[in-house]
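Chains as they are written, first to last, in the numbering used here: chain A, 73 to 528; chain B, 73 to 528; chain C, 73 to 528; chain D, 73 to 528. Just so it is clear, CB atoms sit at the ideal spot from N, CA and C, and this is done for glycine as well. None of these values were measured; they are calculated from a predicted model.
Number of protein chains: 4
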Amino acid sequence: MRLMESLATTETLAGIFSDESVLRAMLDFEIALARVQARLKIIPRAAARAIENAAQPDSFNPAVLAHAAQRAGTPAIPLVKALRESVQKEDPSAAGFVHWGATSQDVCDTALVLLLARAQAALESDLERLQLALRRVATKHRRTVMLGRTLLQPAPPVTFGLKAAGWCAAVRRGHARLGAAMNQALVLQLGGASGTLAALEKRGAEAGAALAKELKLGYPDAPWHSHRDRLAGVLCACGILAGTLGKMARDITLLMQPEIGEVSEAQEPGRGGSSSMPQKQNPAGCVVTTAAVAQVPALVASFLGGMVQEQERAAGAWQAEWSIVSRVVQATGLAVTAMAEIMENLLVDVARMRANIEATRGMVFAERIMVALSPKIGRVHAERILAEAIALGRAQNKNLEDVLAQMDEVNDHLDARTLRDMESPEQYLGAAQEFQDRLLSQGGKQAARGRKRRKD
Amino acid sequence: MRLMESLATTETLAGIFSDESVLRAMLDFEIALARVQARLKIIPRAAARAIENAAQPDSFNPAVLAHAAQRAGTPAIPLVKALRESVQKEDPSAAGFVHWGATSQDVCDTALVLLLARAQAALESDLERLQLALRRVATKHRRTVMLGRTLLQPAPPVTFGLKAAGWCAAVRRGHARLGAAMNQALVLQLGGASGTLAALEKRGAEAGAALAKELKLGYPDAPWHSHRDRLAGVLCACGILAGTLGKMARDITLLMQPEIGEVSEAQEPGRGGSSSMPQKQNPAGCVVTTAAVAQVPALVASFLGGMVQEQERAAGAWQAEWSIVSRVVQATGLAVTAMAEIMENLLVDVARMRANIEATRGMVFAERIMVALSPKIGRVHAERILAEAIALGRAQNKNLEDVLAQMDEVNDHLDARTLRDMESPEQYLGAAQEFQDRLLSQGGKQAARGRKRRKD
Amino acid sequence: MRLMESLATTETLAGIFSDESVLRAMLDFEIALARVQARLKIIPRAAARAIENAAQPDSFNPAVLAHAAQRAGTPAIPLVKALRESVQKEDPSAAGFVHWGATSQDVCDTALVLLLARAQAALESDLERLQLALRRVATKHRRTVMLGRTLLQPAPPVTFGLKAAGWCAAVRRGHARLGAAMNQALVLQLGGASGTLAALEKRGAEAGAALAKELKLGYPDAPWHSHRDRLAGVLCACGILAGTLGKMARDITLLMQPEIGEVSEAQEPGRGGSSSMPQKQNPAGCVVTTAAVAQVPALVASFLGGMVQEQERAAGAWQAEWSIVSRVVQATGLAVTAMAEIMENLLVDVARMRANIEATRGMVFAERIMVALSPKIGRVHAERILAEAIALGRAQNKNLEDVLAQMDEVNDHLDARTLRDMESPEQYLGAAQEFQDRLLSQGGKQAARGRKRRKD
Amino acid sequence: MRLMESLATTETLAGIFSDESVLRAMLDFEIALARVQARLKIIPRAAARAIENAAQPDSFNPAVLAHAAQRAGTPAIPLVKALRESVQKEDPSAAGFVHWGATSQDVCDTALVLLLARAQAALESDLERLQLALRRVATKHRRTVMLGRTLLQPAPPVTFGLKAAGWCAAVRRGHARLGAAMNQALVLQLGGASGTLAALEKRGAEAGAALAKELKLGYPDAPWHSHRDRLAGVLCACGILAGTLGKMARDITLLMQPEIGEVSEAQEPGRGGSSSMPQKQNPAGCVVTTAAVAQVPALVASFLGGMVQEQERAAGAWQAEWSIVSRVVQATGLAVTAMAEIMENLLVDVARMRANIEATRGMVFAERIMVALSPKIGRVHAERILAEAIALGRAQNKNLEDVLAQMDEVNDHLDARTLRDMESPEQYLGAAQEFQDRLLSQGGKQAARGRKRRKD
């Protein structure tokens, strides 16, 4: 993880997209290709062995390859060349069988897919931690009332449980979308020069199917060298998930404002401090999440724009993908990890939540009183009376119920006791708990399935 | 359809997002809400009737509403106000029941969803036309050979059938993705002020379910006012589909260059001409497609970025959505329509396709000869010989086979006849037809199901 | 202004990009072209008169033209055709001289530039209102102290004057950037079929210069049909300005949270209310600004991506520009207008600003005390003591000064009086006023120049 | 340069944004801050010396810092901490004066600006090479005729000199824009905790000015911690320049299609080959340019969107900048470098350019003949005749002149000789050379100034 990218990846993901890991994935493709072709008697068994022996990441200098990749327009050309030279030294008769029937895009695309499979595993594990934490928070705070806030202004109360359940369900949907998109995208690319596998004569599809199996990837109906929609699906799923995580980070950042003070990231050494202000308790995890999320949408757009790829291989749009894909996945992964840690340790100030409702002096229940008054005195009249009462309450720092209790037109229909009850948050939660239960129930089933599957 | 937007929508879609249609959708929500609430005895039956009577699009001035919407920050506030005033005139006791228990976002979001459902129908029909046309083209040209082109340079041959089948399968996947995303997104939004439906007391979820049914929408687990991932899914699906259509338009634009001349959009009056050049046969449909597609990715990014919505209702990001969503859908729809028309009338010059292969003088078969020579004389040696022969052929305008036939090192292993055969495009198609069949088979099943479903 | 776009434009700008106005601009180009060519004796004087007579917007049906534009791939072809037919009826010999030597892109690009010039005037006037209002706010609140807030957590105090001056200077820089970019971009496009004006033989540049003068546009070194950097400059300037306005809207939205309550948009009928919550005082103007701003960056990216235009005229990227450019300018303009209105009427609660500082119980002055203690007892020691004191203060709801005054290690160096003084906001403003003066001085000069220039 | 980023940076720029270089820039800030404060007697001279001694990049472990940066939400906090500890070991009394009066953003922003200054120098040098090469190409091919191509269809001829001059002027404008934006942006950030430099009491602006001078940066009117428009200007300038370079790469890629074959990148070992196709002469440099350019617009949009930064320091948007800025600059720089190399070695096939004009069999001169015929027989009539002649010529593979010469209606007005002359490209270049001269003249003056300035 480099300094310039310290808010754009995680150590795990930086490792997955590191030179060593990229080399490993490319060489895994070449090894598996040779192995499968030997098994199918397309190339000699000895050649496959020689290739496998030579294809060790340590034998290659990534800096030299990167330099050559920039000249060649793809890392595949210098890597294949270096591999061939290496095989040549050991077994000259085998060198010609390196990369047999394949083309640059085959090794680059398949290597990317192999890296994505590893990245998915990393993301999955944090996504599960995150959902578990959210489910726990939601359950714990099923009855914790807090202000609803719309356009950042107070609105009738919600529960913190409902809010957390909403986050949880959105993460669950995002997780499911990512899983589905990955399932579609984790397929072999093997097309040869033009996508017909002509160099393998009639055995192209057979070799492809065997190679996919060897690499534990799906085998698509045809090579996808110039149709990038499956990868686009993965990036879009990352983009949507990142959007959800960004929303959560924003919510928490706002709730952490000391003037609101309802929740807080756990503070610990090296986290949340400032280089100049000793008193600071910064939303460091949310900041990291927000910074990571901010980079994703535009990169998704880059990828979508780059889907316009010419004929059987694009002149530029394809070559831009590695950088874009790896950045989207890394930034999304960072947001997942940061948010999982936040949610596992979130501090909730239940008293402050209630206090903030009370601080509105009943004003957020104006809708409720309006609804109660309207049928009795007409909407227009009710609106006028409430507007007056609210203005008066604000001017005199009085509770809305107290102002209303003084107004005859109200008194005739709602007594002081009723008015006071109308300003009880617990009495004005509507379907909050029903919605929370619905939001979590589906996830529960999925989580159970998820756990089961893993045991297999 | 306005001049400024004539390359950004279709007449059908412009109609769906027109003032009249938007008003209609918003009023449909208010009517259905009242009707359902009357049925559930939440509001009086007479009030619902009065609301239904008043809620006629013709009674409202969209320009006035748009002006007021800009001041209010949402079109819902002025519309509800105007509807209430209108009901008030007819039945004062009913006016208070307009929009009962609902909030601005409920009517805006649900109206948008209703418009999306209509737009989907429009897109679906063109998507089916397009796939039918592509299937026909692919089948007809199953054996039509043409140059593969990678990085816009000649590569071993493909078939035009395979290319069209690749387009077709990508459109099919895009269609399926859009359908799935729409299925998820076409759900009611009804949450009231804070998303708890508190004003409906314990009957919120019941009313919601009934309203969803009334409007023929799905009923989600909870209101989705500040979780926009389902809509994001629709936009991403549009973005991916647009990318595929853009690729097709680029392919055809390139093949239509007279220096290549392999396919052509049908020319007809008002299409493909120039305001200054009488000889012009422009790829007008592809230009329209490309222009439409170019607008989509960034708008998708805007939406993804806008998913960071604060608490129970965002202060800005939500309000930006109408414009973004309607533009994405319209631009994508234009691309689908334009491409369907292109493919239904595409002119294919089979002879020119073959001539362009021959014009490479066998050079695109160099890979094949390399593959044949390598096992006999070693890869390094074969590479050197081919490089020499290619240079010589280029310098002397000779066919690769003729140059090679003069070289002893080749002669010893491949005779002139074999070399000539190696440069037959039909003999070097590998798995092209197998891949084509696989690409189309799945679509065939789907198309069949599609047709069946429609009959029901 | 349509409902779907009511948060994406202003009435003025919607008018500038309306069908009528677009037609007017295109016809202005054709009229001026004919007039200038007649003057230069390139076409007959009578032809120019006939063209001028026929080129009345009312004579054309924009809906029909838009429909035809979608088929032709550009509005120019149907418009020129319709104009020619119209002239033909009046003076057949003149019809051939319509659009003489020009091509579609000439009329489309120049019309767009003419519309931009009108839009610029609209934006300028609101930009000046906005800067005037900001300057007034800044001057009035030069000594008004308020919390600094970093990462949305309290930081040492700033003045509201400094904050407003920072906004003002950023708007001024944005204004200057937009002006400079417009100056570069408001140039004629006249290149003919391929950009050489070949149909005008040796008189192309002469005709171009005259036409530019006639249309009050600059005349560039050469036609810019496929180099779009000048327009890109305008869009980028809009993008940067929008970013600044978005920052201002976000700041105000946050300060308007009732828990903070330091500033407020003026509330008035139809603005800031809610369709369900009578107590609501929403940041409606900020919401509109934020919604408008949210649409701009991605559209700028679309334009930048679309600069990759092929050869002498692009097949798609150019055709996408009208929609993109008009949306960027309209959204930016809406943000300017909304923000000008907000700033002209902003309510500032000076007492609340001070109260919010006090509510931190001196914690935001921890840096100051640290700076004072460090040289005396060493940084490490000072840090430890402050950390303790802050924790204690928080736990016991005590002021930092009071806690510190009890600690011997502090007492030895800073007495209670000194500590109390250290928590006076006015005493800890550093260079705030100096910075404010510097920020405003430059604007003052510019504003003066601006006023002068206008008098000329 | 890593494999994943080998098409997203250059070795020079990767070096500038490497860990070592980033550390160097951050430490340079801390050293200069201490030195200047010592000079102004704000801190002891000995402290400054101790800080300078300790601030050696080798003493810090970037991987450890990056890890801590991710926890802290900024690299500044761990770096300052590590530096303080390092100073503490050497001179405990000095440790407290590390980073005196500054905050995290001061060191991060100023370090970024220092890196940008270095990057600018790298870009400048390649931009000058590129313009020199373009000027040479343009001058050499001032009379080289080639097809104009609009919508990728043949249009009347242009000169290759004009095309190259157009590229050159656009690069020059881009260069100027970047220079101006850099001039604005290369300014110190020093604001302390809230941007008032309160910890420096009344000496903040004085210290700031001195520090700016020490670091050879401009000193702005005030700290710009939450107004990011100057940086946005740099990114936009990169975005516009990248667009121009992308257009050039697309043009060359298209002209390199063998079916067109008018220009070619120089081929050399390791460049332009394929891993499977021996005959390939790929546009490798254009591919690299296109891939680099493709990444820029969206990142610019990310930055613009991120300008919405809260109050005195943003909670996320600011922290996302390093990654975005460094990527934009690196990708743009790669495009400049790649394009400079292409243009310095571009192969031009003048004969093929002429042959491609001739291959249109005079059709591209149809406009010219129309212009000549119209005044004689009327536009409508002329249009009809030309349409007929073009259709006939296409059907019979005849030259347009030959078909027309057979038509009585033409014969009466234009004889065979005149018609033949009308199809001479050299006779139909209009203002091509005048435009070329205008395009290059300004650059010449600038280039001369540029050279002079450098000598000083």
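Whole angstroms is fine: what's the gap from residue i's alpha carbon to residue j's?
| i | j | result |
| --- | --- | --- |
| C/I441 | D/W296 | 26 Å |
| B/K470 | D/G450 | 51 Å |
| D/V475 | D/P228 | 19 Å |
| B/T84 | B/A104 | 25 Å |
| A/F132 | A/Q142 | 16 Å |
| D/G305 | C/I429 | 35 Å |
| B/R302 | A/G434 | 35 Å |
| D/R96 | B/L219 | 53 Å |
| B/D487 | B/L445 | 12 Å |
| B/R300 | D/L418 | 50 Å |
| A/M254 | D/L269 | 50 Å |
| A/M494 | B/I114 | 19 Å |
Would you mind working out which of the options sits nearest residue i, comparing C-alpha positions?
| i | options | result |
| --- | --- | --- |
| C/A127 | C/V368, C/A138, C/E83 and C/A166 | C/A166 |
| D/R221 | D/S336, D/R214, D/E337 and D/F232 | D/F232 |
| C/T490 | C/F437, C/H453, C/E455 and C/D509 | C/F437 |
| D/L287 | D/G434, D/A205, D/R385 and D/V259 | D/V259 |
| A/V360 | A/L272, A/L313, A/T325 and A/W172 | A/T325 |
| B/V380 | A/G87, A/L155 and A/W239 | A/W239 |
Taking 7 Å as the line, does the beta carbon of residue i fall inside it for any heavy atom of the ligand FMN?
| i | result |
| --- | --- |
| C/E77 | By its list of ligands, the structure shown contains no ligand whatsoever, and the ligand FMN lies outside what it can speak to. |
Spell out the partners DSSP gives residue i in its beta bridges.
| i | result |
| --- | --- |
| A/E439 | Partner(s): none; A/E439 has no beta bridge. |
| B/V230 | B/M218 |
| A/E273 | Partner(s): none; A/E273 has no beta bridge. |
| B/E340 | B/R343 |
Task: chain D contacts from the region 285-310 of chain C (Cβ-Cβ distance under 9 Å) - done: P292, D293, A294, P295, W296, H297, S298, H299, R300, D301, R302, A304, G305, L307, C308 and A309
TODO: Report the residues of the region 348-375 of chain C with a CB closer than 7 Å to any CB of chain A, ordered along the chain.
DONE: S348, M349, P350, Q351, K352, Q353, N354, P355, V359, A370 and A373
Open item on the list: Three or more C-beta pairs under 8 Å: does that hold for the region 195-206 of chain D against the region 260-277 of chain D?
Closed with: no
- [ ] Report the residues of the region 377-389 of chain C with a CB closer than 8 Å to any CB of chain A, ordered along the chain.
- [x] G377
- [ ] Please name the residues in the region 209-220 of chain D whose beta-carbon is closer than 8 Å to at least one beta-carbon of chain B, in chain order.
- [x] Listed in sequence order: no entries.
TODO: Examine the Cβ distances between the region 318-325 of chain A and the region 346-366 of chain A and report whether three or more of them are shorter than 8 Å.
DONE: yes
TODO: May I ask you to verify whether the region 148-162 of chain B touches the region 340-348 of chain C, counting CB pairs closer than 8 Å and requiring at least 3?
DONE: yes
Task: the region 180-188 of chain C contacting the region 112-131 of chain C, beta-carbon criterion three pairs below 8 Å - done: no
Task: Inter-stretch contact (C-beta, 8 Å, three-pair minimum) for the region 246-258 of chain A and the region 208-216 of chain B - done: no
- [ ] Please list the residues of the region 310-334 of chain A that have a C-beta atom closer than 7 Å to any C-beta atom in chain B, keeping them in chain order.
- [x] G311, I312, G315, T316, G318, K319, R322, D323 and L326
Task: the region 399-412 of chain C in contact with the region 326-336 of chain A per 3-pair CB rule at 8 Å - done: no
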